[in-house]
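These notes are about the structure you will find just below.
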Amino acid sequence: MEKTWNNKAWFFVLPVLLLVAFSAVIPLMTVVNYSVQDSFGNNQFFWYGADWFREVLTSERFHDALLRNLLFSAIILAIEVPLGILVALAMPKKGIWVPVCLVLMALPLLIPWNVVGTIWQVFARTDIGLLGYTVDALGIDYNYVRNVLDAWVTVVVMDVWHWTSLVVLLCYAGLVSIPDAYYQAAKIDGASRWAVFRYIQLPKMGRVLLIAVLLRFMDSFMIYTEPFVVTGGGPGNSTTFLSIDLVKLAIGQFNIGEAAAMSLIYFLIILLLSWIFYTVMTNAGNDKPMTGGAE
Amino acid sequence: MARIRLDHIRHAYSPELAKANNYALREVDTAFEDGGAYALLGPSGCGKTTLLNIISGLLTPSEGHVRFDDRDVTMLTPEARNIAQVFQFPVIYDTMTVRENLGFPLKNRKVPKAEIGPRVDDMLRRIGLAAKADRKARGLTADEKQKISLGRGLVRSDVNAILFDEPLTVIDPHMKWQLRSELKQLHREFQMTMVYVTHDQTEALTFADKVVVMYAGEVVQIGTPEELFERPQHTFVGYFIGSPGMNVLPCKLDGGEATISGERIKLPAAIGRAKSGKTTELGIRPEFVSLVPRGQGIPVKVEKVEDIGSEKIVRARLGEHRVSAILHEDQSVPADADIAFAEERLNLYADSWLVARA
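These protein sequences, in sequence, are chains A and B. If you're matching positions, the first sequence starts at 7 in the numbering used here and goes up one per residue. If you're matching positions, the second sequence starts at 120 in the numbering used here and goes up one per residue.
What follows is the structure, encoded as C-alpha cells:
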C-alpha cells in the first residue's frame, strides 16, 4: 500500500509563513527587543529589563493619554452607533434612491485621513472656515485652538462625520437581509413600531452591529492622523491621544526603549478590550444554561 | 370566526400592468364558509399567494371587495382584520423564549397579564412545546419554529381566520405528515376558518375539506377531493390532480364518434351530442384506461412501463399523443396491445372547460 499522506504539504505553507514573518512577526519582535533596552547616541544599547514597562505603567502622562483615549472612544461609540442605526432605518429599502444613498454614505469613507483632518482644520477656523466663522458669528465663543472643550467637540464631530457611514452601511446590510415575512408577521401580531425594532430589526442587526462596534472601537482607540492635523494634540495636551503621545516619545524625544514598551502595552490594551467587547456582545443574546428540566 | 366573501376581486401589481391587462388575479368571486378548511392549490405564479395576501390585508386588491361576514374589510390593515398568517419560512422572534413568542400578540393587544399566562400555557400544551417553553426560540428545529408561528395565531382565540402560505416547505418529509395531521387535529378542535396555500396536491387533498384549484390568476374549480378527481371542470384540474394526471386527447367530433389521430372511438350518447369548441378534447383518467388484446381496442405503441410496487403505470403513444394507463400490479403487459377507455368515465372538454360527461 502506498502512503496516503506525507509531510510535503507543509511546503505549501512556507510562502505565507515567510510573508507573515516579514510583515508582522519580525517587526513586532524588533519592538520587543527595543522595549527591554535603553539606547544612547552612537547606536549604543544597554539591557534595561522590565523597567520601561514599569515606568510607562506608573507614568501620569500615560494614564492621562489612556483616559483621554477611553473617553474619546466612549463618546464616539455612544454617538455613532445609535446615529448609524437611525440613519440606516431611514434609508430607502428599494428604488432608485438606494444606490444614490449608498454612494453618498460611502463618500466620507473614501477620503484619506489627513485630507479629512485638513478639511476640518480649515472648515472649523474662525477666520476663514465656514463652520468656525458661522458659529462665531452666531455669538458663540468658539475657538478650537485655544479652548479645550471646543477642540474636543471639533475632533468628535469630525470623527462622527468621517465614520458614522461605516456603521450605517453595516446596519443597512443587516436590515435589508430581513425577509418581508418578518414585517408581515409583526403586523399581524399587532406589534408597534418600537416592538418591530426591538424584537426583529435589532436582533437581526446584532452580528453586523458587533462588527461595527469592534471596528469603531479599535479605530478610534488608535486614532492619530485627524486630531494630529487639526489640533496637533493641543491645546496643551488636551487632545493628545495614546498614538500621538507615542509618536512624540519615539520620534520627538527619541526615547525608543520607552516608546517600544508603551506600544506593546498599547497593543495589549486594544487586544484585551476588543476581546472583552466580543465576548460580552456574543454572549449577551445566548441562552443561559438551564437548571433542571428535560433535555 | 367568519365567513370570507371575495367579491369580484381583481389584482394587478401596478397600474401599468393593469393597463396592459396583465392581472396577477384575473377575477375571483367566491366565498369561504365559516369554520371550513380550504386549500388554494395551483402551480407557482398562479396567484394563490396574491389571493391569500388579499384576504389577510397585506395587499389591497385593485378591484373588488373582501367581506368578513357582512363587514367590508377591503381597506382594513391585517391587524384590524384580526387574522393570523403562517408563512413559508417560520417567523419567530429570535431573542424571545417560546413562551414569550406565544404571548407576544396578546401583549401587543393589551390583554391583561393574568389572562395571558393560562392561555399561553394551554397553547404550549396543544402544540406540544410545553417542555421547551423557557428555551430561546431560535435554537429550535424548523418544525418546532413553524409550530410557534401557528401557535401565535391560535393563541388569539377570536381570530377570524388562519391563513397558511406553503407552511411545510422547509419541513423534513417525515415531519410533514405529522405536522399536517396535527394541523388537522387543531382545526377540528378550534373550528376556525383555515385557508392553506400549497402547490402540493397531496397536502391540499389531505388537509382540506374543499380544494380551490387556481390556474393563471383564476379559480378553475372548487370542490371536495373526490369531485376534483371524478369531475374535473377544466383540463388543468384533470392534469394537475392525480398521478399521473388525466389523459387529455385532442379530438374531432362527428356523428356520435370521436376521431383521435385517425382512430375512431364510439362515444356514449351523452357526450356524442355535445357541441365542439375551438379545441375539443377527450379526458380520461389513467385509472380507467385498460389494456385489451390487439384488435379489440385502439392500437397504441407501449413505450414504457413503470412498476411502482402496488401498480404499474403504462406510458403509451396514440398517434402523436401520449396516453398513460394504470394497471393492477399482477396484470401483464403484452408487447402488442390495444387500449380501451371505460366509457362511463369519459369527459369532454371544449376550449378546456368540461361540456359533457358520460
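Every residue gets a Cβ at the ideal spot worked out from N, C-alpha and C, and that includes glycine. Bear in mind the structure is a predicted one, so any value in this text is a computation, not a measurement.
Beta-bridge analysis with DSSP links Trp-53/A to Gln-43/A. For the pair Val-210/B and Ala-187/A, the Cα-to-Cα distance works out to about 7 Å.
For Asn-149/A, there is no enclosing alpha helix (DSSP H), as DSSP marks it with neither H nor E.
The criterion of a C-beta distance shorter than 8 Å is satisfied by Ile-173/B and Val-185/B.
For Val-104/A, same chain residues with a beta-carbon under 7 Å away, outside a window of 5 residues either side, are Pro-98 in chain order. Here Leu-144/B is near Gly-166/B, since their CB atoms are less than 8 Å apart.
At least one C-beta of chain A is nearer than 8 Å to the C-beta of Asp-213/B. Excluding its 5 nearest sequence neighbours in each direction, His-127/B has C-beta neighbours in its own chain below 6 Å: Asp-148, Gly-183, listed in chain order. The shortest CA-to-CA distance from Ala-201/A to any of Asp-213/B, Lys-255/B, Thr-398/B, Tyr-157/B is the one to Asp-213/B.
Under the three-state reduction of DSSP output, Gln-415/B falls in the coil class, being neither helix nor strand. Contact annotation for Lys-193/A against chain B: Leu-177, Thr-196, Pro-197, Glu-198 [CB-CB distance below 8 Å, chain order].
DSSP links His-447/B through a beta bridge to Glu-430/B. Listed in chain order, the positions of the stretch 189-215 of chain A with a beta carbon within less than 9 Å of a beta carbon of chain B are Gln-190, Ala-191, Ala-192, Lys-193, Ile-194, Asp-195, Gly-196, Ala-197, Ser-198, Ala-201, Arg-204, Tyr-205, Ile-206, Leu-208, Pro-209, Lys-210, Gly-212. According to DSSP, residue pairing for Asn-366/B in a beta bridge involves Ile-403/B.
At a Cβ-Cβ threshold of 8 Å, Ala-327/B and Ala-156/B count as neighbours. Remark: fewer than three beta-carbon pairs, one from each stretch, lie closer than 8 Å, so the stretch 379-396 of chain B and the stretch 187-199 of chain B are not flagged as touching.
Of the candidates Pro-286/B, Glu-376/B, Lys-303/B, Gly-161/B, the residue whose Cα lies closest to the Cα of Leu-465/B is Glu-376/B.
Below 8 Å, enough C-beta pairs join the stretch 180-198 of chain A and the stretch 210-222 of chain A to call them touching: three or more. Chain A has no Cβ within less than 8 Å of the Cβ of Ile-267/B. Contact annotation for Asn-227/B against chain A: Asp-195, Gly-196, Ala-197, Ser-198, Ala-201 [CB-CB distance below 8 Å, chain order]. Per DSSP, Asp-373/B is not a residue of any alpha helix (DSSP H); the beta strand (DSSP E) it occupies stretches across 371-373.
Put simply, the CB of Pro-231/B is far from chain A, with every gap to its CB atoms at 8 Å or more.
In its chain, beyond the 5 residues on either side, Met-287 have a beta carbon closer than 6 Å to the beta carbon of Leu-216/A. About 7 Å separates the CB atoms of Lys-226/B and Ile-235/B; that is less than 8 Å, so the two are in contact. For Pro-224/B, the closest Cβ of chain A is nearer than 8 Å. When the Cα atoms are used, Asp-70/A and Gln-50/A turn out to be separated by approximately 31 Å. Close to Phe-206/B, with beta-carbon spacing below 8 Å, are these residues of chain A in chain order: Ala-187, Gln-190, Ala-191. Counting the other Cβ atoms within 10 Å of the Cβ of Tyr-272/A gives 16 or more, which makes it buried. From the beta-carbon of Arg-271/B, the residues of chain A found nearer than 7 Å are Asp-195.
Cβ-Cβ separation between Ile-390/B and Ala-475/B: approximately 5 Å, consistent with a contact (criterion under 8 Å). Setting aside the 5 residues that flank it on each side, Ala-252/B is surrounded in the same chain by Val-217, Arg-218, Leu-243, each with a C-beta closer than 6 Å to its C-beta; the list follows chain order.
Across the structure, Ala-94/A and Phe-203/A are spaced so that their CA atoms are roughly 12 Å apart. DSSP places Asn-227/B inside the alpha helix (DSSP H), whose first and last residues are 217-227. Closest in alpha carbon position to Leu-347/B, among Ile-360/B, Ala-335/B, Leu-269/B, is Ile-360/B. Ala-203/B is bridged by DSSP to Ile-281/B.
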